[in-house]
Amino acid sequence: MPGTLDGQVAVVTGGSRGIGRACAIALAREGANVVINYTSNEDAAKETQKAVEALGVKAIIAKADVGKADEAKGLIEAAEKAFGKVDILINNAGINKDKTIQRMSADDWDAVVQTDLSSIFYTTSAAVGGMRERNYGRIVNMSSIIGQMGNIGQANYAAAKAGMIAFTKSAARELARFNITVNAVCPGFVETDMVAALSDDIKKTLIGNIPLGRFGTAEEVADTVLFLCKPSGAWYTGAQMSLNGGQYM
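For reference, each letter of the sequence shown is one residue, going 1 to 249 in this note's numbering.
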């Protein structure tokens with residue numbers, strides 16, 4: 001049975017594991033060919049590639065630090081060289097360097113802002129030319145509940161993720177006339193490596209603040225991303241999709 005994204009090409013930044021891997025697999029399940037971006041963990045990227053190809057589509061892995069303008073541009077160029085186009089861009093790459101403002105260094109601030117915020121400008125600006133020519137594009141930016149409500153010890157991360165929401169709204173207004181939608185997904189706490197690294201006490205406290213009483217899954221986030229890329233999500237643009245178990249309303 002044909003998928004709703006048959007023949008389309010998706011680039012997923014930070015696609016080697018966690019939410020990025022789940023997004024790559026979800027898009028592939030609907031027929032999209034996938035470019036899996038990674039920064040350092042080639043083995044994990046190859047595992048994602050294998051999972052994607054098992055669904056009957058094509059996939060390549062592409063190493064790039066998307067927080068650097070030249071490498072982000074090179075990633076999009078590599079995707080276009082391999083597949084001829086980019087229809088879908090999932091800006092998922094992100095890091096965190098959590099410290100209180102007093103203890104946070106300028107390097108801690110800059111690293112998070114570059115990787116989590118500047119990267120989406122770099123990849124989007126590189127991809128929209130081809131999207132405009134074809135009068136079609138789907139861009140999804142992976143923000144966070146932290147960008148909506150803030151958090152102690154995460155001023156850099158919160159600022160970057162909030163900036164991502166503002167960028168999403170501006171880009172959505174600018175690109176709508178070219179049939180390019182731009183949306184943000186704002187997950188709460190999800191069962192990923194980042195959450196797994198927390199102590200049991202912190203996890204218990206976090207779950208106590210979630211009305212639904214559990215963390216989300218990467219697959220639940222990926223389903224939301226997929227919806228925004230499918231024909232059924234075509235009237236969404238400039239939206240921030242909150243999925244957090246009710247932690248922030």
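A virtual CB, placed ideally from N, CA and C, is assigned to each residue, including glycine.
Do you know how far the Cα of residue j is from the Cα of residue i?
| i | j | result |
| --- | --- | --- |
| A79 | D201 | 43 Å |
| S16 | E174 | 30 Å |
| D306 | A196 | It is not possible to answer for residue 306, since the shown part of the chain is limited to 1 through 249. |
| K169 | G238 | 5 Å |
| A32 | P2 | 11 Å |
| E191 | I19 | 9 Å |
| S232 | L5 | 11 Å |
| M104 | V112 | 11 Å |
| A72 | A64 | 7 Å |
| E30 | E219 | 14 Å |
| L198 | R177 | 44 Å |
| T224 | N141 | 12 Å |
| L75 | E133 | 19 Å |
| L55 | K85 | 21 Å |
| N156 | A82 | 35 Å |
| S119 | N209 | 31 Å |
| N151 | F215 | 17 Å |
| F227 | N41 | 28 Å |
| A126 | D116 | 17 Å |
| Q8 | A26 | 13 Å |
| D110 | A162 | 15 Å |
| G245 | I207 | 9 Å |
In chain order, what residues of the same chain have a beta carbon less than 6 Å from the beta carbon of residue i, not counting five sequence neighbours either side?
| i | result |
| --- | --- |
| I61 | I36, A45 and Q49 |
| T100 | G153 |
| A172 | V182, T237 and G238 |
| Y136 | N179 |
| K203 | none |
| Q240 | I165, A184 and C186 |
| Y248 | I145, Q148 and M149 |
| T217 | E191 |
So what does DSSP say about residue i, is it helix, strand or coil?
| i | result |
| --- | --- |
| Y248 | coil |
| G20 | helix |
| I95 | coil |
| L89 | strand |
| R29 | helix |
| K58 | coil |
| V34 | strand |
| A10 | strand |
| K46 | helix |
| K230 | coil |
| R103 | coil |
| I76 | helix |
| T123 | helix |
| K81 | helix |
Considering only DSSP beta bridges, list what residue i is partnered with.
| i | result |
| --- | --- |
| Q114 | Answer by DSSP bridge pairing: none, since Q114 is not bridged. |
| L243 | P187 |
| I139 | L89 and V182 |
| G216 | V190 |
| K63 | Y38 |
Quick check: is any heavy atom of the ligand SAH less than 6 Å from the C-beta of residue i?
| i | result |
| --- | --- |
| T13 | Summarising the ligand content, the structure contains no ligands, and the ligand SAH is consequently not present. |
Closer than 7 Å by C-beta to residue i: which residues in its own chain qualify, once you throw out the five before and the five after it? Chain order, please.
| i | result |
| --- | --- |
| V221 | I19, A22, V185, P187, V190 and L243 |
Is residue i close to chain D? Criterion is C-beta to C-beta, closer than 7 Å.
| i | result |
| --- | --- |
| V35 | Note that chain D does not occur in the displayed structure, where there is just one protein chain. |
Which ranges does the alpha helix (DSSP H) cover as unbroken runs of at least 4 residues, wholly within the stretch 148-205, from first to last along the chain? 155-175 and 193-196
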